[in-house]
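J.: This is the structure, below, for whatever I ask next.
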Amino acid sequence: MDGQNMSIELEINGIKRRFSVETGTTLLEVIREQFGFKGTKRGCDHGHCGACTVIIDGRAVNACLVLAARAQNKKIVTIEGLAPGGQLHPLQIEFEKNGAVQCGFCTSGMIMSAKSLLDSISHPDDHEIKEALSGNLCRCTGYKKIITAVREAARGLS
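Be aware that the sequence shown starts at 41, since it is given in this note's numbering, and climbs by one per residue.
Okay, structure coming up:
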């Protein structure tokens, strides 16, 4: 961080807040520390693992690579934003049902990448699912159950 502060206003999961941040503060830091949404995970801090994936204006992005100030006036959704009032999103249901959750560290990033995919392609094939998830690393499942969960969620959403 460079020590200079600036005032920003962000809207995450429909909640708007204004606060002061150092100019080098990432969106990931704001999501976790200012908003308290811990589902967005801090992994590599270099955009390699996908654990911090959120949706900004309909597109899956790594929150560790986005400066908080660049996220102003954008619609930001985290994993918590998919379950308003505790009602799980079909992706969350299918991940659990199909055993696509093991240690859980990658899960929120995987689900957010899959959500962005399903918002743009309602019936993706396995190649499209793999491509959409290619920026998300999982050390536990071998991806087969994750791909199945996304495919099943797509069926349920149609």
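For glycine and all other residues, C-beta sits at the position ideal for the given N, C-alpha and C.
#1: Would you mind working out which of 145, 165, 155 sits nearest residue 78, comparing C-alpha positions?
#2: Check each candidate in 179, 158, 182 and name the one with the smallest Cα separation from residue 195.
#3: So, residue 94 versus residue 117, is the Cβ gap smaller than 8 Å?
#4: Roughly how many angstroms lie between the CA atoms of residue 169 and residue 187, to the nearest whole one?
#5: Taking the CB atoms as reference points, tell me whether residue 80 and residue 103 lie closer together than 8 Å.
#6: Rounding to the nearest angstrom, what Cα-Cα distance links residue 147 and residue 135 in this structure?
#7: On a Cα-Cα basis, can you pick out the residue from 58, 101, 55 that is closest to residue 68?
#8: Counting C-beta neighbours from all protein chains within 10 Å, is the total for residue 99 16 or more, i.e. buried, or is it exposed?
#9: Would you decide whether residue 163 is buried or exposed? Buried here means 16 or more other CB atoms lie within 10 Å of its CB.
#10: Helix, strand or coil for residue 100? Go by DSSP, reduced to three states.
#11: Can you look up residue 61 in the DSSP assignment and give me helix, strand or coil?
#12: Leaving out five residues before and five after residue 141 in sequence, what residues of the same chain have Cβ atoms less than 7 Å from its Cβ?
T.: Straight from the coordinates:
#1: 145
#2: 158
#3: yes
#4: 7 Å
#5: yes
#6: 8 Å
#7: 101
#8: exposed
#9: exposed
#10: strand
#11: strand
#12: 135, 147
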